[in-house]
Amino acid sequence: MPETAKVPMVRLDRDVHAALRARSARTGCPIRRDANALLRIMLEYSAYEVGSSRQVRGDE
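Numbering of the sequence shown is given in my numbering, commencing with residue 1 and proceeding in unit increments.
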């Protein structure tokens, strides 16, 4: 079995950590701080932020 790379623990921004907690509550899975989970959360959060800013500005 190949050895998996160790991902260092990262200091999370408050908003990203809140998104991690919300996703964890929604899915029932524990918060994972691996690279893939963080990337998914950051992409979801970015999409949410872009959508929110478009609604505020009235863009479509």
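Heads up, the beta-carbon is just placed ideally off N, CA and C, and yes, glycines get one too.
Note that the structure is a prediction, hence the values are computed from the model and not measured.
Item to check | Chain-order list of residues whose beta-carbon lies under 7 angstroms from that of residue 26 (same chain, five-residue window excluded) | outcome: none
Checklist entry - Over what stretch of residues does the alpha helix (DSSP H) that includes residue 15 continue unbroken? => result 14-27
Checklist entry - If we count the other Cβ atoms within 10 Å of its Cβ and call it buried at 16 or more, is residue 22 buried or exposed? => result exposed
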